[in-house]
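Per UniProt numbering: the sequence shown = residues 1 to 341.
No residue lacks a Cβ here, since even glycine has one placed at the ideal position from N, Cα and C.
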Amino acid sequence: MTHHVVVIGGGQNAEHEISLATAAAVAGALDSRGFEVSSITIGRDGLWSDAKKPLGTSAAASLAQALAILEHADVVFPAVHGPLGEDGTLAGLCSLTQTRMVGSGVRAGAVGMDKWATKLVAEAIGIPVAPGRLVHATDLGDIGFETEVVVKPVSAGSSYGVALARDARQLHEALHAASCYDDQMLIERVIEGREIDVAVLREADGSRWAAPPLEIHTSGVFDTATKYDGTARFTVPADLGSTDRGAITQAALAMFDALGCSGVARMDFFLTDSGPVLNEVNTMPGMTAESQVPRMFAAAGVPYGELVTRLVTAATVPGCTPANRRNRRCPCPRGRCIRTR
């Protein structure tokens with residue numbers, strides 16, 4: 001049994017408060033199941049703190065002190081959503097310090113955070129995506145309105161900066177709003193279909209499986225406000241026929257494998273008359289007990305505390321793959337990367 005888990009929350013992006021909620025829920029669940037839990041918070045200013053006490057007077061100094069805490073951890077649970085966390089940043093830190101970590105490694109985190117790169121991967125393995133284009137903040141003045149579109153920052157979560165544009169004025173406003181979160185933005189054609197999420201879990205033995213799909217019911221775009229104001233309704237398991245359920249589940253597993261995900265990831269789709277269309281991927285999704293992913297696994301008979309425990313049990317050193325171990329390229333000291341059950 002793994003004993004000491006360090007849960008990291010917060011972060012230097014718009015999802016800071018959401019990450020704190022995930023971290024608090026995860027820490028509470030692990031504590032209730034007998035783990036020794038330490039909590040570290042990354043402030044919006046980049047300062048790392050322990051129990052709300054800064055570990056240093058600068059980002060570098062506080063990180064140095066945080067590393068001393070990580071050194072004594074059996075597992076790190078990086079509950080930081082969005083850039084400078086979920087995007088592979090913390091996975092890189094754990095890889096360099098040879099620390100077992102919950103969740104995806106550097107490559108999967110970085111590609112999964114980049115919506116444009118994710119679309120390219122999906123297209124390469126035959127999964128449909130919304131037609132769209134990539135634009136840079138320096139080119140906003142050259143973009144004209146052609147049809148109703150959705151505008152998104154390339155690397156932002158929780159639907160921050162996502163907006164529907166029905167005319168030229170709305171497009172201009174949406175692009176400038178999205179540019180507050182990223183220098184690159186996506187302009188995508190609106191897809192008509194049901195919003196269906198699928199969560200995939202990697203177990204300690206290396207196997208992976210998908211929980212029952214969840215359907216999101218909203219009256220418009222599932223934006224940040226709708227996600228957190230309680231107006232959205234969720235149905236899990238989603239009411240799907242066997243063909244649609246099989247197609248969307250297989251697409252989710254295929255994306256999980258193509259990105260090289262670990263831990264848990266949530267794949268978001270539109271289900272159209274022609275089949276599933278990938279919307280985006282979340283490699284560190286919201287993980288309070290009421291979040292979408294725990295709801296899906298609860299429907300599969302895995303309660304919240306058990307789900308969090310399975311994630312910790314399956315933790316590995318990022319980059320320490322079976323192939324690297326076979327070829328003796330694993331950077332870890334002997335036994336450091338082996339999962340503790």
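Contact check, residue i vs residue j under 8 angstroms by CB: the rounded distance?
i	j	result
Gly103	Asn282	Rounded, the Cβ-Cβ distance is 11 angstroms, inconsistent with contact.
Ile127	Val198	Not really, about 12 angstroms apart at Cβ, beyond 8 angstroms.
Val135	Met185	5 angstroms
Val111	Leu253	About 17 angstroms; that fails the 8 angstroms criterion.
Ser155	Met113	5 angstroms
Quick check: what's the CA-CA separation for residue i versus residue j?
i	j	result
Gly132	Leu171	14 angstroms
Glu290	Ala232	13 angstroms
Ile69	Trp48	11 angstroms
Asp142	Arg295	43 angstroms
Val76	Ser58	22 angstroms
Asp167	Val150	11 angstroms
Gly246	Ala204	24 angstroms
Gln65	Val37	17 angstroms
Gly241	Thr235	14 angstroms
Phe222	Gln292	A caution first: Phe222 carries a pLDDT of 49, below 50, which makes its placement in the model unreliable, though a value can still be read off. Cα-Cα distance, rounded: 13 angstroms.
His16	Glu123	31 angstroms
Val276	Glu148	A small correction: the amino acid at residue 276 is Pro; Val does not occupy that position in the sequence shown. Whole-angstrom Cα-Cα distance: 21 angstroms.
Ala238	Ala251	16 angstroms
Arg33	Leu214	27 angstroms
Arg44	Glu146	38 angstroms
Ser19	Ile40	12 angstroms
Gly301	Asp31	21 angstroms
Ala174	Glu71	44 angstroms
Tyr160	Tyr181	8 angstroms
Ala315	Thr99	9 angstroms
Using only CA atoms, which one of the options lies nearest to residue i?
i	options	result
Asp244	Glu215, Gly9, Leu271 and Gly105	Leu271
Gly9	Asp74, Leu278 and Ala79	Ala79
Pro303	Ser19, Met287 and Gln98	Met287
Asp257	Gly109, His81 and Cys94	Gly109
Glu192	Ala174, Thr218 and Ser159	Thr218
His176	Val162, Gly46 and Arg189	Val162
Gly85	Asn13, Asp182 and Val277	Asn13
Ile42	Gly34, Leu55 and Ser32	Leu55
Thr313	Tyr160, Ser155, Lys53 and Gly206	Gly206
Arg194	Asn279, Val121 and Cys180	Asn279
Val190	Glu173, Ala165, Ser274 and Ala210	Ala165
Lys119	Gly46, Met255 and Ala60	Met255
Leu90	Lys115, Gly11 and Ala60	Gly11
Gly144	Ile187, Cys320 and Gly88	Ile187
Cys320	Arg169, Ala210, Pro83 and Gly92	Gly92
Asp87	Trp209, Lys115 and Thr309	Lys115
Go ahead and pull the three-state DSSP assignment for residue i.
i	result
Ser19	helix
Ala210	strand
Gly275	strand
Val111	helix
Thr309	helix
residue 353	Here the chain covers residues 1 to 341 and nothing more, so residue 353 does not appear.
Lys53	strand
Thr249	helix
Met296	helix
Val317	coil
Ile216	strand
Thr89	helix
Ile69	helix
Leu84	coil
For a test of your reading of the model: does the CB of residue i fall under 7 angstroms from any non-hydrogen atom of the ligand NAD? Yes or no.
i	result
Glu146	Questions concerning the ligand NAD fall outside what the structure shown contains, since it holds no ligand whatsoever.
Given a cut-off of 8 angstroms on the beta-carbon distance, is the pair residue i and residue j in contact?
i	j	result
Pro318	Val26	no
Gly178	Pro212	A small fix is needed here, since residue 178 is Ala in this sequence, not Gly. Not a contact, by the Cβ cut-off of 8 angstroms.
Leu307	Phe297	yes
Ile216	Phe269	no
Gly263	Ala29	no
Ala137	Asp183	yes
Ala73	Val5	yes
Val200	Ala265	yes
Phe7	Ala21	Phe is not the amino acid found at residue 7; the sequence shown has Val there. Taking 8 angstroms as the Cβ cut-off, Val7 and Ala21 do not qualify as a contacting pair.
His3	Met284	no
Thr97	Leu140	no
Cys261	Arg202	yes
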